[in-house]
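See below for the structure under consideration.
Protein chains: 2
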Amino acid sequence: MRTHYCGQINTAHLGKIITLCGWAHRRRDHGGVIFIDLRDREGLAQVVCDPDRAEMFATAEAVRSEFVLRITGKVRRRPEGTENPNLPSGEVEIICQEIEVLNTAVTPPFQLDDENLSENVRLTHRVIDLRRPQMQKNMRLRYETARAFRRFLDDKGFIDIETPMLTKSTPEGARDYLVPSRVHAGEFFALPQSPQLFKQLLMVAGFDRYYQLTKCFRDEDLRADRQPEFTQVDIETSFMSEEQIMELTEEMIRTVFKEVLEVSLPKKFPRITYAEAMARFGSDKPDMRVTLEITEVTDALKDVAFKVFAGVANSENGRIGALRVPGGATLTRGEIDDYTKFVGIYGAKGLAYIKVNDVTQLNEHGLQSPIVKNLHETALATIMQRTGAQNGDLIFFGADKAKVVNDALGALRTKLGHEKGFTNGKAWEPIWVVDFPMFEYDDEAKRWSACHHPFTSPKDEHIEFLETDPGRCLAKAYDLALNGWEIGGGSVRIHKEAVQSQVFRALNIDAEEAQLKFGFLLDALQYGAPPHGGLAFGLDRIVTMMTGAESIRDVIAFPKTQRAQCLLTQAPSAVDEKQLRELHIRLRQQVQTTVEVNKE
Amino acid sequence: MRTHYCGQINTAHLGKIITLCGWAHRRRDHGGVIFIDLRDREGLAQVVCDPDRAEMFATAEAVRSEFVLRITGKVRRRPEGTENPNLPSGEVEIICQEIEVLNTAVTPPFQLDDENLSENVRLTHRVIDLRRPQMQKNMRLRYETARAFRRFLDDKGFIDIETPMLTKSTPEGARDYLVPSRVHAGEFFALPQSPQLFKQLLMVAGFDRYYQLTKCFRDEDLRADRQPEFTQVDIETSFMSEEQIMELTEEMIRTVFKEVLEVSLPKKFPRITYAEAMARFGSDKPDMRVTLEITEVTDALKDVAFKVFAGVANSENGRIGALRVPGGATLTRGEIDDYTKFVGIYGAKGLAYIKVNDVTQLNEHGLQSPIVKNLHETALATIMQRTGAQNGDLIFFGADKAKVVNDALGALRTKLGHEKGFTNGKAWEPIWVVDFPMFEYDDEAKRWSACHHPFTSPKDEHIEFLETDPGRCLAKAYDLALNGWEIGGGSVRIHKEAVQSQVFRALNIDAEEAQLKFGFLLDALQYGAPPHGGLAFGLDRIVTMMTGAESIRDVIAFPKTQRAQCLLTQAPSAVDEKQLRELHIRLRQQVQTTVEVNKE
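First to last, the protein sequences are chains Y and P.
Reading the first sequence from the start, the letters are residues 1 to 600 in full-length UniProt numbering.
Reading the second sequence from the start, the letters are residues 1 to 600 in full-length UniProt numbering.
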């Protein structure tokens with residue numbers, strides 16, 4: 001139907017008769033002549049309709065915004081002074097000879113260049129929203145990124161193998177999406193939270209290097225960077241060590257950033273242990289662009305008069321961390337109040353601080369703060385010395401259970417860093433976080449749970465702790481963080497049945513339950529499982545970062561809202577009673593009514 | 001952990017010290033020496049363990065089948081006369097210096113070279129089954145095929161865009177898999193039967209050329225070539241005609257076969273109309289390797305004394321087809337009985353036939369058959385002349401509703417063709433089937449239903465029939481058949497809202513229902529939808545044909561049985577009551593009990 005894309009017409013086509021198809025992006029009448037900016041996925045071309053061809057001109061006059069047109073005409077140079085240097089086709093225009101309206105369009109719900117659209121409007125009219133140049137660019141960059149991942153993995157001998165979408169529910173980890181079976185009454189499939197076990201089985205089957213770009217599903221309450229379905233670059237290898245897996249995937253990320261963004265990431269990504277990351281940054285995915293650090297002062301505050309500090313310092317799992325803000329003494333009361341509110345989101349009950357006026361006077365004269373009078377000089381000296389405080393600085397304190405302090409000061413560190421410019425100026429700061437604990441203690445359930453997942457291998461020298469002291473056991477696990485986001489993570493897996501059974505026991509999964517849920521894995525581990533490991537990268541997040549999009553929803557063609565709804569198609573929706581009957585299920589009427597009310 | 005893959009060691013490595021990892025495929029003791037065939041995904045290598053290194057030898061002695069080993073040794077030439085020309089590594093062997101057992105293995109449930117395994121055993125122990133060389137080959141060929149599709153589409157400017165897995169139930173077509181929503185009580189997502197509407201919306205959004213290799217889901221009773229989830233090569237384009245779409249995708253199929261199998265498909269695939277395909281082959285996916293054809297004789301049998309024929313010939317939708325089998329007079333009574341039973345599967349109540357002894361005698365002397373005496377000479381002459389019968393031939397007849405005759409004679413034609421060698425000797429015979437009807441009449445529901453789907457465009461000149469005579473309306477639809485399998489199909493879509501609404505009306509979908517189910521499509525068609533069309537290819541089927549596998553399950557790593565079950569993981573399975581409560585559903589206890597009983 002066409003000879004060229006609009007956006008690709010340039011001076012090389014001067015004098016040629018061409019045919020274009022596209023959308024009327026803009027129509028202007030100027031001096032008796034009609035100008036149509038015709039748009040297709042490659043860009044814009046200016047079409048000039050002169051009144052001397054009456055029929056064509058009449059058609060052009062009827063053209064409205066977003067009409068679909070087919071235009072034939074001759075390419076000529078734009079008159080001097082009317083060039084548009086912002087467009088690849090900006091030096092030329094097409095003198096229209098024929099115009100055909102392939103489809104009309106009613107007035108769109110919004111202008112494509114409107115920058116103040118609510119996300120609800122955009123998602124409801126997603127088809128129009130996707131026409132906007134930024135969204136076209138995002139989807140293409142996503143495609144280029146996926147291709148770059150595939151290319152790298154293909155070149156390294158990885159094989160793309162599809163794993164099932166209809167699989168078995170294993171209520172470990174997040175909540176499953178369930179799919180009722182019609183053939184097997186009362187039974188359900190689950191959509192995969194990840195192809196974890198299948199990729200391990202593929203290693204046992206001898207495929208050696210596997211990858212897949214695949215959809216995963218988690219039925220969790222959604223945060224800004226989460227979707228019910230998301231796409232994972234999923235990788236597994238045999239006969240490779242932790243070190244080798246990290247090196248290989250690090251090379252992959254470097255290659256993808258280079259090919260897609262022409263960005264050079266560091267030759268070698270830095271590594272940090274989980275313990276150090278938590279101590280210094282309060283986070284297992286620290287934003288390394290931020291130069292602020294948390295200082296440990298718990299031990300120095302055990303015997304101070306200030307009860308909040310002393311209480312925490314002497315409690316199990318208590319932590320007091322100090323965050324020095326260089327020059328922070330200039331922060332206003334209002335700003336400090338805002339930061340106090342901010343850390344409240346993370347459970348912090350307050351945000352103590354000291355303004356450092358004169359570091360040589362370790363008392364209320366040199367240090368301005370209501371708490372100073374209740375901290376003895378030794379404690380203050382330790383704080384000043386460890387934080388490296390200078391006159392004019394401000395020191396924030398978090399004192400609570402370690403988890404609360406880490407979450408609160410970790411988030412404050414990042415926020416302050418970006419708001420007040422405590423950053424190193426680099427655009428991309430990847431960092432590996434390694435040596436994760438195998439288990440964390442679940443206070444509510446009174447049992448150990450897996451930090452990564454129950455298939456992660458403990459460090460060889462820590463296997464003995466599985467039975468004696470699970471909390472001491474470190475895992476062969478590694479996460480890759482980039483600018484404060486976890487973009488990927490993985491581990492070396494357990495490849496011996498005996499160790500896997502030990503880990504299940506440590507997790508309070510008895511032999512019967514283990515057999516019922518994971519019997520096929522335990523079986524496979526007995527039939528000659530190779531040492532294996534891998535990781536998974538979150539494609540949506542990586543592309544969100546690469547495009548600079550505000551939300552993961554801006555890099556997904558048809559995303560769900562934070563209430564897990566598709567505003568375009570109105571999914572989910574009610575279904576016929578007949579469908580439910582075939583699936584051997586019925587609605588819980590009472591619950592339904594209750595929840596319907598809660599919905600508003 | 002290793003320096004090379006086993007299967008890649010050859011004379012180029014002579015004298016080198018190498019390290020291999022893999023599985024003990026076979027262990028033989030021969031003259032005090034232990035030979036281990038070590039296997040990895042690239043093949044086998046022979047490892048020789050001499051008793052002179054005692055520790056190493058002791059380890060080797062403990063090795064059993066499928067143990068996972070790491071071996072270091074020197075590559076040397078095999079002694080003359082012991083080479084294995086069937087292996088790439090067959091000229092060399094590795095003199096073992098070190099051996100490490102990375103994992104032990106219990107005795108596998110079957111030998112990898114056992115060719116008489118039941119499919120149940122194979123699927124239950126899928127991990128071991130996948131180790132078999134044929135399955136390794138199948139999965140790699142699948143991967144290569146998918147890559148070839150992607151490469152072609154990438155090169156042609158197509159963009160891979162992901163569409164949602166959690167979408168809206170539209171109970172047209174096949175049965176949906178449903179996913180209860182936790183957040184929206186009483187509502188359900190559906191897994192996509194295909195990304196049909198989303199890809200059309202992407203065209204309206206201006207992406208111009210879309211593709212995706214994606215999972216689709218249909219909850220139907222399974223036949224040999226069906227799976228609950230299957231993979232589609234899904235394609236959509238804007239501003240292209242039927243003709244151009246067929247040409248482009250034909251080139252794609254040619255390219256994929258060339259790159260993966262080094263097979264040259266014809267330069268131009270033949271085309272046949274749906275009407276002609278049904279008349280000559282009784283099928284809309286004819287196996288063109290078979291040279292037999294059905295001959296139309298309905299009109300010649302309206303006034304014969306044989307009531308079965310006359311009745312059918314004079315009824316609406318009746319058809320009598322003749323299938324000439326050259327030299328078929330030699331078929332035995334037993335064979336004919338078997339064919340009669342065979343056509344019974346397709347609903348045929350019998351299988352009349354005539355043996356042609358002397359074509360010049362149009363009576364019981366020349367033609368051997370109980371029905372000949374009830375067919376007058378003119379009828380017999382027409383049959384002989386139209387079928388081109390020769391002495392020694394046999395002619396089968398199908399007489400029933402056209403659908404039954406087509407199904408029965410169509411299947412018989414293919415069966416006879418392959419069993420009796422009526423084939424043209426070609427390995428691959430692709431054919432486009434075009435000009436499908438828009439609608440077929442559903443006798444039970446007493447209404448028209450869509451032959452393809454309700455979004456298929458009618459031929460421009462047939463739009464008027466939508467309201468007046470839907471049965472006459474042909475569609476811009478096309479299917480690609482290969483060797484009797486439909487491997488792909490598609491259509492030009494409706495891009496005008498008015499036509500789409502007309503088609504919905506023809507299908508008895510009123511405006512309210514249309515708005516409820518497809519409102520977002522009707523909306524999109526109003527906002528400037530370009531002319532667009534596309535198709536989808538079934539990757540599983542194509543790979544099944546390419547590998548020569550017996551079943552689609554042989555090209556899927558973890559398939560379901562024909563009862564939609566995963567024998568490996570035992571999915572589907574019962575789930576916790578708590579999970580159901582969160583999803584606002586409960587089991588239908590009574591139905592469940594009933595069905596449980598039926599299960600046996």
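Ideal Cβ positions, reconstructed from N, Cα and C, are used throughout, including at glycine.
Count the other CB atoms within 10 Å of the CB of residue i; is the residue buried (16 or more) or exposed (fewer)?
i                 : result
Glu600 of chain P : Per-residue confidence for Glu600 of chain P stands at a pLDDT of 33, beneath the threshold of 50, marking its modelled position as unreliable; the derived number appears in the next sentence. It counts as exposed.
Asp543 of chain P : It should be pointed out that residue 543 of chain P corresponds to Val in this sequence rather than to Asp. So Val543 of chain P counts as buried.
Lys373 of chain Y : exposed
Val597 of chain P : In this predicted model, Val597 of chain P has a pLDDT of only 39, less than 50, meaning its place in the structure is not dependable enough to derive any value.
Arg77 of chain Y  : exposed
Leu583 of chain P : buried
Glu80 of chain Y  : exposed
Ala174 of chain Y : exposed
Ala468 of chain P : Residue 468 of chain P is actually Thr in this sequence, not Ala. Exposed is the call here.
Tyr177 of chain Y : buried
Under DSSP, the alpha helix (DSSP H) around residue i begins and ends at which residues?
i                      : result
Pro79 of chain Y       : Here Pro79 of chain Y belongs to no alpha helix (DSSP H), and DSSP marks it neither H nor E.
Ile383 of chain P      : Glu377 to Thr387
Leu466 of chain Y      : Phe465 to Thr468
His418 of chain Y      : Ala402 to Glu419
Arg126 of chain Y      : Arg126 to Asp129
Asp154 of chain Y      : Pro133 to Asp155
Leu202 of chain P      : Gln196 to Val204
Thr59 of chain P       : Ala54 to Ala62
Gln500 of chain Y      : Glu497 to Ala506
residue 650 of chain Y : The structure shown does not extend to residue 650 of chain Y, since chain Y is modelled only from 1 to 600, so the question has no answer here.
Lys355 of chain P      : Run containing Lys355 of chain P: none in the alpha helix (DSSP H); it sits in the beta strand (DSSP E), Ala352 to Val356.
Gln244 of chain Y      : Glu242 to Leu261
Glu577 of chain P      : Glu577 to Glu582
Thinking C-alpha only, which one of the options is nearest residue i?
i                      : options                                   : result
Phe439 of chain Y      : Y:Leu416, Y:Trp485, Y:Gly392 and Y:Arg505 : Y:Arg505
Asp435 of chain P      : P:Gln232, P:Gly471 and P:Lys349           : P:Gly471
Phe306 of chain Y      : Y:Thr295, Y:Ile320, Y:Glu293 and Y:Glu296 : Y:Ile320
Val256 of chain P      : P:Glu377, P:Arg28, P:Ser315 and P:Met546  : P:Met546
Leu535 of chain P      : P:Pro572, P:Leu521 and P:Gly489           : P:Gly489
Thr340 of chain Y      : Y:Leu416, Y:Arg28 and Y:Glu497            : Y:Leu416
Tyr211 of chain P      : Y:Asp460, Y:Arg140 and Y:Gly206           : Y:Arg140
residue 617 of chain P : P:Leu474, P:Asn10 and P:Asp443            : Limits of chain P in this structure are 1 at one end and 600 at the other, which puts residue 617 of chain P out of reach.
Gly519 of chain Y      : P:Ser449, P:Ala571 and P:His495           : P:Ala571
Asn138 of chain P      : Y:Leu130, Y:Leu87 and Y:Ile161            : Y:Ile161
Could you spell out where the beta strand (DSSP E) holding residue i opens and where it closes?
i                 : result
Phe217 of chain P : Arg209 to Phe217
Ile494 of chain Y : Ile494 of chain Y -> no beta strand (DSSP E), and no H or E assigned at all.
Val47 of chain Y  : Gly43 to Cys49
Gly22 of chain Y  : Ile17 to His30
Ile449 of chain Y : For clarity, residue 449 of chain Y is Ser in the given sequence; the question names Ile instead. Counting along the chain, the beta strand (DSSP E) containing Ser449 of chain Y begins and ends at Arg447 to Ala450.
Ile34 of chain P  : Val33 to Asp40
Which bits of chain Y does residue i rub up against, with CB to CB less than 7 angstroms?
i                 : result
Phe149 of chain P : Neighbours of Phe149 of chain P on chain Y: none; closest Cβ ~12 angstroms, over 7 angstroms.
Under 8 angstroms between beta-carbons, which chain P residues line up against residue i? List them in chain order, please.
i                 : result
Thr237 of chain Y : Those within 8 angstroms of Thr237 of chain Y in chain P number zero; the least Cβ separation is about 10 angstroms.
Residues of chain P with CB under 7 angstroms from residue i, in chain order?
i                 : result
Leu587 of chain Y : Gly186, His584 and Ile585
Phe558 of chain Y : Thr163, Pro164 and Phe198
Tyr177 of chain Y : Val179
How would you list, in chain order, the residues of chain Y whose beta-carbon sits under 8 angstroms from the beta-carbon of residue i?
i                 : result
Gly168 of chain P : As written in the sequence, residue 168 of chain P is Lys, which differs from the Gly given in the question. Within 8 angstroms Cβ-Cβ: Cys566, Thr569, Gln570, Ala571, Pro572 and Ser573.
Kindly examine the ligand FAD and report whether one of its heavy atoms sits closer than 7 angstroms to the Cβ of residue i.
i                 : result
Thr167 of chain P : Only the bare structure without any ligand can be found here, which leaves the ligand FAD out of the picture.
Note down, in chain order, every chain Y residue with its Cβ under 9 angstroms from the Cβ of residue i.
i                : result
Asp50 of chain P : Simply none; closest approach about 25 angstroms.
_Restricting to runs no shorter than 4 residues, where is the alpha helix (DSSP H) found entirely within the stretch 282-340 of chain P?_
307-314
*Completely contained alpha helix (DSSP H) runs for the stretch 510-555 of chain Y, where each covers 4 or more residues*: 511-526 and 539-547
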